[in-house]
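As numbered in the numbering used here, residues 210 to 542 make up the sequence shown, in order. Take a look at the structure set out below.
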Amino acid sequence: MRVSYDELKSELKRVLISRGFEPEAAEMGASIIADNSRDGVHSHGLNRFPVIVKSIDEGMIKPDRRPVKLNSVGALEQWDGQLGFGPINACIAMDRAVELAGQYGLGCVALKNTNHWLRGGTYGLRAANAGCIGICMTNTFPNMPPWGGTEKRVGNNPLIISIPESSGGHVLLDMAQSQFSFGKLQTYALAGKKLPVTGGYDKDGNLTSDPNAILDGGEVLPAGYWKGSGLSIAIDMVVAALSVGKSTYDMRMSKNDAGISQVFIAINPTVYAGEDYADAYIESMSAYIKTSAKKSGVTDILYPGERTAKAREENMREKIPVNQEMWETLLKL
C-alpha cells in the first residue's frame, strides 16, 4: 500500500507529541523518519518506528534532552547527547560541524551518550546541502562477530561520506559494515524475499541468503569479510576516542544502541578549491564510472546517491510504499 508523505509525517508527529516531544522537535523527528521512507530507506523509516516508541516508553530515549558542548580545541568539539533522540542530536552535531567548517575549513563534532541516528545518510546529505563534504561515523553495541570469530564482539558500525554537487545531486555513500544492515534484513524478511547475495550465517553456521535464518539466531556477514570487520573495529576506536564516550566494548552487556558514540566531520571545499572545482570533478567521475561496459543483465551502473534520488522522486509522485502491518501499527500507537 502507499500513503502520502504528508499523511505519514503527520501520523509520526502525532505519536512523538504523545510521547513527550515538543511540537518543534516532533516536527523535526517526524520529518527525518518520513524522509527516510520517502527515499526508499524503509528499514530506518516507518519500519523502525515501533522500536523507537518502545525505546522512548522504556526511558532509553529522553524526548526533552538536547546535546550540550563539553570541550573544544579549535575545530574539534566534544558534546554530550544526554540520551536525547538520536536523529535530532545528530542534526545538531552536523550543523555545528558545518558552522566550524565555515570558520576553519574543517569542523569535527564528537558526540557521546546519544542514541541510534536511524539513517546515517541523513547527516551526510545535511552537510552536502550546506556545501560541505560530510563524513559521519557511529558505533553500536556488539552485534557482529569479528572475522574468524563466532561471538558478537564488534559493532556493525556505519560509515557515511557525502560530496556536494551544486544541482543537489550529491554523491552519498552510506554503508553498514555488514553485507546487509539489520534494518535491510528486516525489510527483505517483511517482504518475504531472499537476499540478492549471501548475507550471513544461519544458527548452524551455514552461509545463507535467507534473511529470517540470519535474524533467527544466525550472524550477519561482515562486508568484504575481513575488511568490513577491520573497518568496523577502527570506526569504533575513533568515535570512542574523539567523543571520550562508550566503545563497543563498554556496551558488551547491552542489547540496544543507548549511550553510543558518534563523529560528524564537515569539510568546506570552497575554502581551498574554489566554487567550481567540486562540480567539475564530480561530473567527470560520474560520467567515467556510469559509461563503463555493463555486466550481463545489469541495466544501470550503481552510482552513490542516484538510487536515493530516484526513489525520492518516484515516491513523492506515486506516494510512499509502506508495509501494511507497520502502517496499521503506527495508526494504533
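In this text, a Cβ means the ideal position worked out from N, Cα and C, and glycines have one as well. Note that the structure is a prediction, hence the values are computed from the model and not measured.
Cα-Cα separation, residue i to residue j
| i | j | result |
| --- | --- | --- |
| E216 | G364 | 35 Å |
| K263 | N465 | 11 Å |
| D488 | L381 | 14 Å |
| G293 | G314 | 29 Å |
| Y481 | S281 | 24 Å |
| H325 | S493 | 36 Å |
| K528 | S213 | 5 Å |
| P351 | Y458 | 8 Å |
| A432 | F389 | 8 Å |
| P272 | I241 | 15 Å |
| A239 | I423 | 30 Å |
| S375 | I491 | 10 Å |
| N298 | M237 | 11 Å |
| A385 | E231 | 31 Å |
| S452 | W288 | 7 Å |
| Y434 | L368 | 16 Å |
Sequence-distant residues of its chain with Cβ nearer than 7 Å to residue i (five each side left out)
| i | result |
| --- | --- |
| M210 | V531, Q533 and W536 |
| A284 | L309, Y313, L315, G316 and C317 |
Burial state of residue i, where buried means 16 or more other Cβ atoms lie within 10 Å
| i | result |
| --- | --- |
| L539 | buried |
| I498 | exposed |
| Y332 | buried |
| P276 | buried |
| Y397 | buried |
| P420 | buried |
| G549 | With the chain running from 210 to 542 in the structure shown, residue 549 is simply not present. |
| D500 | Reading the sequence as shown, one finds Thr at residue 500 and not Asp. Exposed is the call here. |
| N172 | With the chain covering 210 to 542 only, the question about residue 172 has no answer from this structure. |
Residue interval of the beta strand (DSSP E) (run including residue i)
| i | result |
| --- | --- |
| S470 | A467 to I476 |
Delimiting residues of the alpha helix (DSSP H) encompassing residue i
| i | result |
| --- | --- |
| A400 | F391 to A400 |
| T479 | T479 to A482 |
| E523 | E515 to E527 |
| M535 | Q533 to K541 |
| Y214 | Y214 to S227 |
8 Å CB neighbourhood of residue i in its chain, flanking five on each side removed
| i | result |
| --- | --- |
| K455 | K321, N322, N348, A449, G468, I469 and S470 |
| V303 | Sequence inspection shows Met at residue 303; the Val mentioned does not correspond to that position. Here the set comprises V318, Y332, R335, A336, G343, C345, F473 and A475. |
Closer than 8 Å to chain D by CB, residue i
| i | result |
| --- | --- |
| I344 | The question asks about chain D, but that chain is absent: this structure has only one protein chain. |
Residues near residue i in its chain [Cβ-Cβ closer than 6 Å; skip 5 each side]
| i | result |
| --- | --- |
| G370 | Sequence inspection shows Ile at residue 370; the Gly mentioned does not correspond to that position. Around I370: I344 and L382. |
| S246 | G254, L255 and I529 |
| G340 | P373 |
Alpha helix (DSSP H) segments (min. 4 residues) lying fully within the region 404-441: Entirely contained in the region 404-441, the alpha helix (DSSP H) runs reaching 4 residues are, in chain order, 420-424.
If you scan the region 320-383 from start to end, which runs of the alpha helix (DSSP H) of 4 or more residues do you find wholly inside it? Correct list: 330-338.
Just to confirm the assignment: which complete beta strand (DSSP E) runs, minimum length 3, are found wholly within the region 279-327? Here the runs fully enclosed are 285-289 and 315-324.
Residue ranges of each alpha helix (DSSP H) run of no fewer than 4 residues wholly in the region 229-255, ordered along the chain? Here the runs fully enclosed are 232-247.
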